[in-house]
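Reading through the structure tokens given below for one structure.
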Amino acid sequence: MFGYVRPNLPDMTQEEQQRYRAHYCGLCHALGAKYGATARMALTFDLTFLAIFLSSLYEPEENAGQARCMPHPVKQHTWARSRVTDYAADMTIALTYHKLMDDWQDDKNLAARGCAAWLRKAYDRVKAAHPRQCSAIETSLRDLSEVEKRRDPSPDAAAKCFGELMAALFVMKEDYWSGALRAFGYSLGRYIYMLDAVCDYDRDVRRGSYNPVIALERKPEEMREYLELLLGDASAAFEKLPLVQDESILRNILYSGVWQGYNEYLHRKDKKTNESEVEGHGDQSAPAPGRE
């Protein structure tokens, strides 16, 4: 369900790309420093966006440096880290732990169970430091599971649950900005859930799994307007916040990057359809046995 809130790098300037990578590497650096090198595998675009977004609002003091890492052992990369980055690292651990537990409960994935057990102590640390957020994550995922199990006829029921989860993550602390941050996170969370449902549509149809797009009686290619409405709510909340630092990066992600998953899905779907049609025409060109 994660990986959709990512930058559209070709539309960024070189300076913007370098700044984004500094945040990305900073979150990776924070994960490794706080929870060990293996925790870096949990790094996502989505929580990088959280770090950039909250850093833009609160403008915390940053520490910066250069380092090599396993994916990039030759060339050093610049990283930027702050208390907001550390918060995003904590939320990364919380979400990863629950994702692994969900994979175990749904698919009996033994590897997921083993990884979740390894992360349990780290998650307990995060929960002790951020009880409100972790409680909201647990409640939202439990409610989401119930919605999916009972196959709720309301297409927005499940999206609302995930919206509540994201709302809790964006409220790093209760203050003057909490309301606007909660509204933004809630709307973005609904968008992410529905986009994920769109991209899982074919698989869920084959498996007979619950999917709100099916409940809407729409095809994935008919969902753009619906997704635009959800993202419009997030955009309205975004525009109310005094975000200046890295504003161009945030706009790139929110107004362009988040559509990449949907556009790529439709491209794959069209390509598969075209290939099937070509194969079908090829079969028809050969005469059937026994025909003149």
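Every letter in the sequence shown is one number past the one before it in my numbering, and letter 272, counting from 1, is 488.
The C-beta atom is built at its ideal place from N, Cα and C for all residues, glycine as well.
Cysteine 331 versus leucine 316: straight-line alpha-carbon distance, rounded: On the sequence shown, position 115 is the one that residue 331 refers to. On the sequence shown, position 100 is the one that residue 316 refers to. Using only the alpha carbons, I get a separation of about 7 angstroms.
Lysine 456 versus alanine 396: straight-line alpha-carbon distance, rounded: Position 240 of the sequence shown, counted from the first residue, corresponds to residue 456. Position 180 of the sequence shown, counted from the first residue, corresponds to residue 396. Each residue's Cα considered, the two are about 7 angstroms apart.
Top-ranked residue by Cα proximity to arginine 420, from Met388, Ser394, Glu364 and Ile408: Locating residue 420 in the sequence shown gives position 204, counting from the first residue. Looking at the sequence itself, residue 420 is aspartate, so the reference to arginine does not match. Minimum Cα distance to aspartate 420 is reached at Glu364.
Three-way DSSP call (helix, strand, coil) for arginine 512 in this model: Here the chain has residues from 217 to 508 only, and residue 512 is not among them.
Inter-residue spacing [alpha-carbon to alpha-carbon] between histidine 314 and alanine 305: In the sequence shown, the residue the question calls residue 314 occupies position 98. In the sequence shown, the residue the question calls residue 305 occupies position 89. Roughly 15 angstroms between the two C-alpha positions.
Three-way DSSP call (helix, strand, coil) for asparagine 427 in this model: In the sequence shown, counting from the first residue as 1, residue 427 sits at position 211. Coil.
Beta-carbon proximity of methionine 407 to leucine 446, cut-off 8 angstroms: As a first step, residue 407 is located in the sequence shown; it is residue number 191 there, counting from the start. As a first step, residue 446 is located in the sequence shown; it is residue number 230 there, counting from the start. One detail in the question is off: residue 407 reads as tyrosine in this sequence, not methionine. In this structure, leucine 446 lies closer than 8 angstroms to tyrosine 407 by Cβ.
Stretch-stretch touch, CB-based, cutoff 8 angstroms, three pairs: the region 255 to 272 with the region 218 to 225: Contact between the region 255 to 272 and the region 218 to 225 is present, because at least three Cβ pairs lie under 8 angstroms.
Residues bridged to asparagine 490 (per DSSP): Along the sequence shown, one-based indexing puts residue 490 at 274. Asparagine 490 has no beta-bridge partner at all, per DSSP.
Range covered by the beta strand (DSSP E) that runs through asparagine 279: Taking the first residue of the sequence shown as 1, we reach residue 279 at position 63. Segment 279 to 283, the beta strand (DSSP E) holding asparagine 279.
Contact under 8 angstroms by Cβ, alanine 296 with glycine 242: The residue you call residue 296 lines up with position 80 of the sequence shown. The residue you call residue 242 lines up with position 26 of the sequence shown. A contact, by the Cβ cut-off of 8 angstroms.
Buried/exposed call for valine 414, threshold 16 Cβ in 10 Å: The count along the sequence shown starts at 1 and reaches residue 414 at position 198. The residue is buried, with at least 16 neighbouring Cβ atoms inside 10 Å.
For aspartate 372, three-class secondary structure by DSSP: Start at 1 with the first residue of the sequence shown, and residue 372 comes out as number 156. Aspartate 372: coil per DSSP, three-state reduction.
Short Cβ contact (8 angstroms threshold) for arginine 349 with leucine 385: Position 133 of the sequence shown, counted from the start, is the residue given in the question as residue 349. Position 169 of the sequence shown, counted from the start, is the residue given in the question as residue 385. According to the sequence as given, residue 349 is glutamine; it is not arginine. Yes, they are a contact pair.
Cut-off 8 angstroms between Cβ atoms - residues of its own chain near proline 369, not counting five sequence neighbours on either side: Taking the sequence shown and counting its residues from 1, the one referred to as residue 369 is at position 153. If we look at proline 369 and ignore the five residues flanking it on each side, its Cβ neighbours are Ala431.
Proximal residues to glutamate 463 (C-beta, below 8 angstroms), its chain only, five neighbours per side dropped: Here residue 463 corresponds to residue number 247 of the sequence shown, with the count starting at 1. Leaving aside the five residues that flank glutamate 463 on each side, the residues in its chain whose CB is nearer than 8 angstroms to its CB run, in chain order, Ser272.
Closest residue to glutamate 433 among Pro371, Ala383, Gly401 and Arg237 (Cα-Cα distance): Reading the sequence shown from its first residue, position 217 is the one you call residue 433. Selected option, being the one with the closest Cα: Pro371.
Residue nearest to leucine 259 in terms of C-alpha spacing, selected from His239, Glu278 and Arg440: Your numbering for residue 259 matches position 43 in the sequence shown. Leucine 259 has its Cα closest to that of His239, out of His239, Glu278 and Arg440.
Simplified DSSP state of glutamate 390, which is helix, strand or coil: Position 174 of the sequence shown, counted from the first residue, corresponds to residue 390. Under the three-state reduction of DSSP, glutamate 390 is assigned to coil, being neither helix nor strand.
DSSP state of glycine 506 mapped onto helix, strand, coil: Numbered from 1 along the sequence shown, position 290 holds the residue referred to as residue 506. Note that glycine 506 has pLDDT 39, beneath the 50 cutoff, so the model's placement of it is unreliable and the number below is only indicative. DSSP places glycine 506 outside both helix and strand once states are collapsed to three, so it counts as coil.
Asparagine 479 beta carbon less than 8 angstroms from that of aspartate 227: Locating residue 227 in the sequence shown gives position 11, counting from the first residue. Locating residue 479 in the sequence shown gives position 263, counting from the first residue. In terms of Cβ geometry, aspartate 227 and asparagine 479 do not form a close pair [threshold 8 angstroms].
Per-residue burial, histidine 245 [other beta carbons within 10 Å of its own, 16 or more giving buried]: Counting from 1 along the sequence shown, the entry for residue 245 is found at position 29. Buried, since its Cβ has 16 or more Cβ neighbours within 10 Å.
Cα-Cα separation, glycine 448 to valine 290: Walking along the sequence shown from the start, residue 448 turns up at place 232. Walking along the sequence shown from the start, residue 290 turns up at place 74. Cα to Cα, the separation comes out at about 42 angstroms.
Beta-carbon proximity list for tyrosine 442, same chain, < 8 angstroms, skipping 5 on both sides: As a first step, residue 442 must be located in the sequence shown, where it is residue number 226. Here the set comprises Met410, Leu432 and Arg434.
Nearest-angstrom beta carbon gap, leucine 381 and serine 356 [assumed within contact, 8 angstroms]: Looking up residue 356 in the sequence shown gives position 140. Looking up residue 381 in the sequence shown gives position 165. With a Cβ gap of about 4 angstroms, serine 356 and leucine 381 count as contacting.
Runs of alpha helix (DSSP H) wholly within the region 236 to 286 (minimum 4 residues, chain order): Counting only runs of 4 or more residues that sit fully inside the region 236 to 286, the alpha helix (DSSP H) segments are 261 to 274, in chain order.
Isoleucine 268 versus leucine 466: straight-line alpha-carbon distance, rounded: Counting from one through the sequence shown, the residue named residue 268 turns up at place 52. Counting from one through the sequence shown, the residue named residue 466 turns up at place 250. Taking the straight line joining both Cα atoms gives about 7 angstroms.
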